[in-house]
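Chains as they are written, first to last, in the UniProt record's numbering: chain V, 1 to 475; chain P, 1 to 475.
Idealized CB from N, CA, C, for every residue including glycine.
Number of protein chains: 2
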Amino acid sequence: MTPSRAEPPADAAHAADAVDAADPADLLITGCTALVHDDEEGIRFVEDASIVVRGGVIESVGRAGGTVTVSRSAAERIDARGQVALPGLINCHTHAPMVALRGVAEDLPAEKWFNVVVWPIESNLTPKDVELGARLACAEMIRGGVTCFADHYFAMDTVAAVTAESGLRAHLGEAYFSSQGPEGRQKSLEFALRHRGGADGRITTALAPHAPYTVVDADLAATAEIALEHGLPVHLHAAESRDQTDNSLARHGVTPIEVLERTGLLGLDAGVLIAHGTGIIERDLPVLERATGPVAVASAPRGYLKFAWSTTPVRALRRIGVPVGLATDGAASNNSLDVWESMALTALLQKSTEGDPRWLTSRQALHHATLQSARAVGLGERIGSLAPGRRADIILVDVTGPHTQPVHDLAATLVHSARSSDVRTTIVDGRVLMRDRELLTIDVPATVRELGERLPALVDRSHGTRIQEYDKPPE
Amino acid sequence: MTPSRAEPPADAAHAADAVDAADPADLLITGCTALVHDDEEGIRFVEDASIVVRGGVIESVGRAGGTVTVSRSAAERIDARGQVALPGLINCHTHAPMVALRGVAEDLPAEKWFNVVVWPIESNLTPKDVELGARLACAEMIRGGVTCFADHYFAMDTVAAVTAESGLRAHLGEAYFSSQGPEGRQKSLEFALRHRGGADGRITTALAPHAPYTVVDADLAATAEIALEHGLPVHLHAAESRDQTDNSLARHGVTPIEVLERTGLLGLDAGVLIAHGTGIIERDLPVLERATGPVAVASAPRGYLKFAWSTTPVRALRRIGVPVGLATDGAASNNSLDVWESMALTALLQKSTEGDPRWLTSRQALHHATLQSARAVGLGERIGSLAPGRRADIILVDVTGPHTQPVHDLAATLVHSARSSDVRTTIVDGRVLMRDRELLTIDVPATVRELGERLPALVDRSHGTRIQEYDKPPE
């Protein structure tokens, strides 16, 4: 973004207003402090800013220039004094429907979590459970300032439908294991083609093999081929933990990241999104650096603490130019879909893990939350920044509360003092999905009630089956 | 608490109601789920509970038993359906007025944080700055469900006055360094005697030497003597980081904890509260175990991550029976006074640090937040539990939000999904300080405005002085 776009002089604003009467804006936000990016992608704040939205797109962002822009006619107006406008948060890796399992498998190591609780329960899943879980998840995310989420799960047709009705943006993939046979991959492809560009363009899609430890190399290679053929990205788990990397090395002599390379997944035109990557080790860095297609990693730090895993090596990935997006994983491990918390924890854990209080400043955390997250989900040119031409995915955050005052350093206030509950208004494609904390597209009590009735059947594990085995090498 | 007190049979409730008409309750809370402790101090939840408060004290907590207790006459009633009643949170170590410096010293190592920013600024402090900072801090804490805080700062007469007006409970100590001469210690004693039992008994006091690295052994020993003489506890920083322990060993051949022992601070009738203790090492454990007076540690994990310190060795302290209370430290390092976050981070960091996902379960975290925190501030018999005879420090937490639903495990919901912003009502000594998120005792906008006017003078460091030097051994 050029400074002139971020802060148009009053004259430019005035010129833009000439077309005003004939062509009113759809939405005008006034009086906020706007987070923008400068030419070097540094975080800047424009005070007393107005944001004009038309046709789902940001038309202008800048200082009011007196009352000129403020007087712009618009179908809808929001007085945002005392609030900060940010690009909507992006949850770069989640399993939204798993909110139905929030709290069902606590204080367990990953292997027990998968084999004893989650995968047995998931063999009970019905599309209706997925629908209700996804709807509740969308409500949680909208309230937490998330405007786009990357979802990797089953029965994704229903998640696409819920995305459409909720008004959110989403990057969706139908998950599969090799244990499902070639049908799994085929179903993932059909889903991706059927829903690409859905929900008025708010849905993008990916192929979604589960992980190198549950999808054999031949299937990963076939996935890479069809991804190239159809111009689709791939979203999968890889090197989730250091244990997985060690297991992969012991069994196959290669790391999960090397598996991605040799199966062609690091050479996709549309890119690959790697969930977690806490098991990325030194020898993986040159592999990722020589990738011929876009590569990004999604980091969900809360769950890593909970499983006693190390965290994503954000600093090493930065050195080789791999964007790291913020994520929450599913609520069954993370207990929330709070990307705001992921942002704070990323800053805190990076300082702690690297032993360096100067590393991962608040501004760097905001860069991860905005442009890097947008790139991670393949939308680096469309969202992630408040700039003319970008989709109007905007959140308004109240910083007048006693826990955010006084403001000596607004970036620090946002990352270390503000909370997801300070998001007052959430906007996607120019449409207000939450206004002053009131959800406009989702009925939470009805969803909770209906989901509650289904929970006894969902969590029943007496059948003794599971959808997959953790820690079992692929055949 | 005996089970019969936690869950009185309907008959008992009925008997209690016989005195009803002649002796109405001050406050009746109905329809909540109440967190209580069983005989072994395990966390239990009583559904559809009523809590009766009279004279600032909890008279009964238990299942409604039909409509009997619900019909109890009371001056004030709160319908708390969908909410969980918990003992109010206790912030076991903070510097409340430092909210004025929130965000002023970011992304710095501890030495620079102290010497370059915070201690130069604190040489500008006036009682008015302290008053406004403390008032804003009290607003933040009440909104976050904190009902009691242990404060260790300067100009504490004003903090006592703000505590009185805010309605909070507090454990206060006037800080001093050896660099102030004997007057510092004397002033701390006079403060402790003057305010002990203040604010209708809500204020308790402590002697507050700063730390073994800023207060010489002779002064610490003199402090221990006057503490014994006056039956006062001592609240100080010690073994804040591993670096401090290493420095102490290199310079004096003893650890900071051993300094506390040899100066008599581990043998006080009224106990000693150690802030942080992240530098407590193996050889300190027998020292703490043989302490002849009560010892507790306050842990503020967020700031440890930010300074890239290790965290408090909670598991080792548990083995030797030392209670660990939850804390936030000051907002200049922690960026918030959010004890709810301290609770979640304690659970998460303990799993991570110990490499054990099964350790520090949600119920253990709630035990730290309740009974252990109450013991840490010397109020183990008066607060920290919802039980008859305890002071009525109660918070009501909404768990109907999409981010806390569904509830498979209420302890996990509270620790890992709920947020401080879910606290709807905060009650101290039976007085409602926040109702449905509205603060009843503090005017936040007026405080923010007045504080804002003073900030330029407060943060000015052109004078080139500081109140103390960090990392300089005491003379």
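**Asked** S73 (chain V): buried (16+ other C-beta within 10 angstroms of its C-beta) or exposed?
**Response** Translated into the one-based positions of the first sequence, residue 73 (chain V) becomes position 73. With fewer than 16 other Cβ atoms within 10 Å, it is exposed.
**Prompt:** Quick one: does D100 (chain V) have its CB under 8 Å from some CB of chain P?
**Reply:** One-based indexing of the first sequence puts residue 100 (chain V) at position 100. The question names Asp, but residue 100 (chain V) in the sequence shown is Ala. Yes, A100 (chain V) lies at the interface with chain P (some Cβ there is under 8 Å from its Cβ).
**Request:** Return yes when the C-beta of G145 (chain V) is under 7 Å from any heavy atom of the ligand FAD, and no when it is not.
**Result:** Among the components modelled here there is no ligand, and therefore nothing to report on the ligand FAD.
**Asked** What are the residues that DSSP puts in a beta bridge with L193 (chain P)?
**Response** Start at 1 with the first residue of the second sequence, and residue 193 (chain P) comes out as number 193. Within the DSSP bridge table, the entry for L193 (chain P) names no partner.
**Request:** Following the continuous alpha helix (DSSP H) through D471 (chain V), name the residue where it begins and the one where it ends.
**Result:** Counting from one through the first sequence, the residue named residue 471 (chain V) turns up at place 471. For D471 (chain V), no alpha helix (DSSP H) encloses it, and the DSSP letter there is neither H nor E.
**Request:** Can you tell me which of P:Y304, P:T404, P:T311, P:G321 puts its alpha carbon nearest to the alpha carbon of R290 (chain P)?
**Result:** Taking the first residue of the second sequence as position 1, residue 290 (chain P) is located at position 290. For R290 (chain P), the nearest C-alpha among the options comes from P:G321.
**Prompt:** Pick from V:A222, V:L172, V:L337, V:F191: whose alpha carbon is nearest that of T204 (chain V)?
**Reply:** Along the first sequence, read from residue 1 onward, the residue named residue 204 (chain V) stands at position 204. Ranking V:A222, V:L172, V:L337, V:F191 by Cα distance to T204 (chain V) puts V:L172 first.
**Message:** Give me the subset of the segment 398–414 of chain P whose CB atoms are less than 9 Å from a CB atom of chain V, sorted by chain position.
**Reply:** Shown in chain order are the members of the segment 398–414 of chain P whose Cβ falls below 9 Å from a Cβ of chain V: T400, G401, P402, H403, T404, Q405, P406, V407, H408, D409, L410, A411, A412, T413.
**Message:** Quick check on G66 (chain P): does DSSP put it in helix, strand or coil?
**Reply:** If you number the second sequence from 1, residue 66 (chain P) lands on position 66. Any reading at G66 (chain P) must be qualified, since the residue scores a pLDDT of 47, below 50, and its modelled position is unreliable; the value itself is stated next. For G66 (chain P), the secondary structure class from DSSP, reduced to helix, strand or coil, is coil.
**Request:** Taking all protein chains shown into account, decide if H463 (chain V) is buried (16 or more other Cβ within 10 angstroms of its Cβ) or exposed.
**Result:** Here residue 463 (chain V) refers to the residue found at position 463 of the first sequence. Burial call: exposed.
**Message:** Given a cut-off of 8 Å on the beta-carbon distance, is the pair R169 (chain P) and R135 (chain P) in contact?
**Reply:** As a first step, residue 169 (chain P) must be located in the second sequence, where it is residue number 169. As a first step, residue 135 (chain P) must be located in the second sequence, where it is residue number 135. For the 8 Å CB-CB criterion, R169 (chain P) and R135 (chain P) do not form a contact.
**Asked** Taking the alpha carbon of T353 (chain P) as the point to measure from, which residue in V:W309, V:I121, V:A75, V:Q364 has its own alpha carbon closest?
**Response** Start at 1 with the first residue of the second sequence, and residue 353 (chain P) comes out as number 353. With distances taken between Cα atoms, T353 (chain P) lies closest to V:W309.
**Prompt:** With DSSP run on the structure shown, which of helix, strand or coil describes H368 (chain P)?
**Reply:** Position 368 of the second sequence holds residue 368 (chain P). H368 (chain P) falls in the helix class under three-state DSSP.
**Prompt:** Do M434 (chain P) and R143 (chain P) have their C-beta atoms closer together than 8 Å?
**Reply:** Taking the second sequence and counting its residues from 1, the one referred to as residue 434 (chain P) is at position 434. Taking the second sequence and counting its residues from 1, the one referred to as residue 143 (chain P) is at position 143. The answer is yes: Cβ separation under 8 Å.
**Request:** Alpha carbon to alpha carbon, how far is V61 (chain P) from N247 (chain P)? Give it in angstroms, no decimals.
**Result:** Mapped onto the second sequence, residue 247 (chain P) falls at position 247. Mapped onto the second sequence, residue 61 (chain P) falls at position 61. Taking the Cα positions, N247 (chain P) is about 50 Å away from V61 (chain P).
**Message:** Strictly below 7 Å CB to CB, what residues from chain V border F307 (chain P)?
**Reply:** By one-based count along the second sequence, residue 307 (chain P) stands at place 307. By Cβ distance, chain V contributes P357.
**Message:** Checking 8 Å against the spacing of the C-beta atoms, do L288 (chain P) and P233 (chain P) come in under that value?
**Reply:** The residue labelled residue 288 (chain P) in the question sits at position 288 within the second sequence. The residue labelled residue 233 (chain P) in the question sits at position 233 within the second sequence. Not closer than 8 Å, so no.
**Message:** Within the continuous alpha helix (DSSP H) that includes Q180 (chain P), where are the two ends?
**Reply:** As a working mapping, residue 180 (chain P) is identified with position 180 in the second sequence. Run containing Q180 (chain P): none; DSSP gives neither H nor E here.
**Message:** Taking 8 Å as the cut-off, does the segment 385–392 of chain P touch the segment 123–133 of chain V (at least 3 CB pairs, one atom from each stretch)?
**Reply:** With a cut-off of 8 Å, the segment 385–392 of chain P and the segment 123–133 of chain V do not count as touching, because too few Cβ pairs lie within range.
**Message:** Counting only C-beta atoms, is N91 (chain P) closer than 8 Å to chain V at any point?
**Reply:** Residue mapping note: residue 91 (chain P) aligns to position 91 of the second sequence, counting from 1. With a threshold of 8 Å between beta carbons, N91 (chain P) makes no contact with chain V.
**Item:** Proximity to R81 (chain V) [Cα-Cα], best of V:Y470, V:I427, V:Q405, V:V399
**Value:** Here residue 81 (chain V) refers to the residue found at position 81 when the first sequence is read from its first residue. Ranking the options by Cα distance to R81 (chain V), first place goes to V:V399.
**Asked** Who are the neighbours of K351 (chain P) on chain V, taking C-beta pairs under 9 Å?
**Response** Residue mapping note: residue 351 (chain P) aligns to position 351 of the second sequence, counting from 1. Think of a sphere of 9 Å around the beta carbon of K351 (chain P): the chain V residues whose beta carbon falls inside it are D107, L305, K306, F307, A308, in chain order.
**Prompt:** Should P286 (chain P) be labelled buried (16 or more other beta-carbon atoms within 10 Å of its own) or exposed?
**Reply:** Here the question's residue 286 (chain P) lines up with position 286 in the second sequence. The residue in question, P286 (chain P), is exposed, as its Cβ has fewer than 16 Cβ neighbours within 10 Å.
**Request:** Using a Cβ cut-off of 8 Å (strictly closer), state whether L326 (chain P) contacts chain V.
**Result:** Residue 326 (chain P) sits at position 326 when you count from the first residue of the second sequence. Judged by the 8 Å Cβ criterion, L326 (chain P) is not in contact with chain V.
**Prompt:** Quick check: the segment 91–101 of chain V against the segment 321–333 of chain V, are there 3 or more CB pairs under 8 Å?
**Reply:** Because the criterion of three Cβ pairs below 8 Å is met, the segment 91–101 of chain V and the segment 321–333 of chain V touch.
**Message:** Within 8 Å of any Cβ in chain P, is that where the Cβ of T292 (chain V) sits?
**Reply:** For the purposes of this step, residue 292 (chain V) is taken as residue 292 along the first sequence, with counting starting at 1. At least 8 Å separates the CB of T292 (chain V) from every CB of chain P.
**Message:** Given this structure, state the Cα-to-Cα distance separating L28 (chain V) from M141 (chain P), to the nearest angstrom.
**Reply:** As a first step, residue 28 (chain V) is located in the first sequence; it is residue number 28 there, counting from the start. As a first step, residue 141 (chain P) is located in the second sequence; it is residue number 141 there, counting from the start. Distance between the alpha carbons of L28 (chain V) and M141 (chain P): 35 Å.
**Prompt:** Taking Cβ-Cβ distances shorter than 9 Å, what residues in chain V pair up with R143 (chain P)?
**Reply:** As a first step, residue 143 (chain P) must be located in the second sequence, where it is residue number 143. Chain V residues near R143 (chain P): G401, P402, H403.
**Request:** Tell me whether H276 (chain P) sits in a helix, a strand or coil according to DSSP, three-state version.
**Result:** Taking the second sequence and counting its residues from 1, the one referred to as residue 276 (chain P) is at position 276. Collapsing the DSSP output to three states places H276 (chain P) in a strand.
**Asked** DSSP three-state call for T263 (chain V): helix, strand or coil?
**Response** For the purposes of this step, residue 263 (chain V) is identified with residue 263 of the first sequence, where counting begins at 1. Correct three-state label for T263 (chain V): coil.
**Message:** Closest to R251 (chain P) by C-alpha separation, out of P:E229, P:G267, P:V216, would be which residue?
**Reply:** The residue given as residue 251 (chain P) occupies position 251 in the second sequence. Of the candidates P:E229, P:G267, P:V216, the one whose C-alpha sits nearest the C-alpha of R251 (chain P) is P:V216.
**Prompt:** Does the Cβ of E258 (chain V) have 16 or more other Cβ atoms within 10 Å, making it buried, or fewer, making it exposed?
**Reply:** As a position in the first sequence, residue 258 (chain V) is number 258, starting the count at 1. E258 (chain V) comes out buried.
**Message:** Looking at the secondary structure, which residues open and close the beta strand (DSSP E) in which Q83 (chain P) lies?
**Reply:** By one-based count along the second sequence, residue 83 (chain P) stands at place 83. 83–87 is the span of the beta strand (DSSP E), which, as asked, contains Q83 (chain P).
**Asked** Contact check, L108 (chain P) vs P357 (chain V) under 8 Å by CB: the rounded distance?
**Response** In the second sequence, residue 108 (chain P) corresponds to position 108, counting from 1. In the first sequence, residue 357 (chain V) corresponds to position 357, counting from 1. About 6 Å separates the two Cβ atoms, so the contact holds.
**Prompt:** Between V68 (chain P) and P445 (chain V), what straight-line distance do the alpha-carbon atoms span, to the nearest angstrom?
**Reply:** Here residue 68 (chain P) corresponds to residue number 68 of the second sequence, with the count starting at 1. Here residue 445 (chain V) corresponds to residue number 445 of the first sequence, with the count starting at 1. The pLDDT assigned to V68 (chain P) is 43, lower than 50, so where the model puts this residue is not dependable, and the model offers no usable value.
**Prompt:** Measuring CB to CB, does H403 (chain P) end up less than 8 Å from I43 (chain P)?
**Reply:** Taking the first residue of the second sequence as 1, we reach residue 403 (chain P) at position 403. Taking the first residue of the second sequence as 1, we reach residue 43 (chain P) at position 43. With a cutoff of 8 Å on beta-carbon distance, H403 (chain P) and I43 (chain P) are scored as not near each other.
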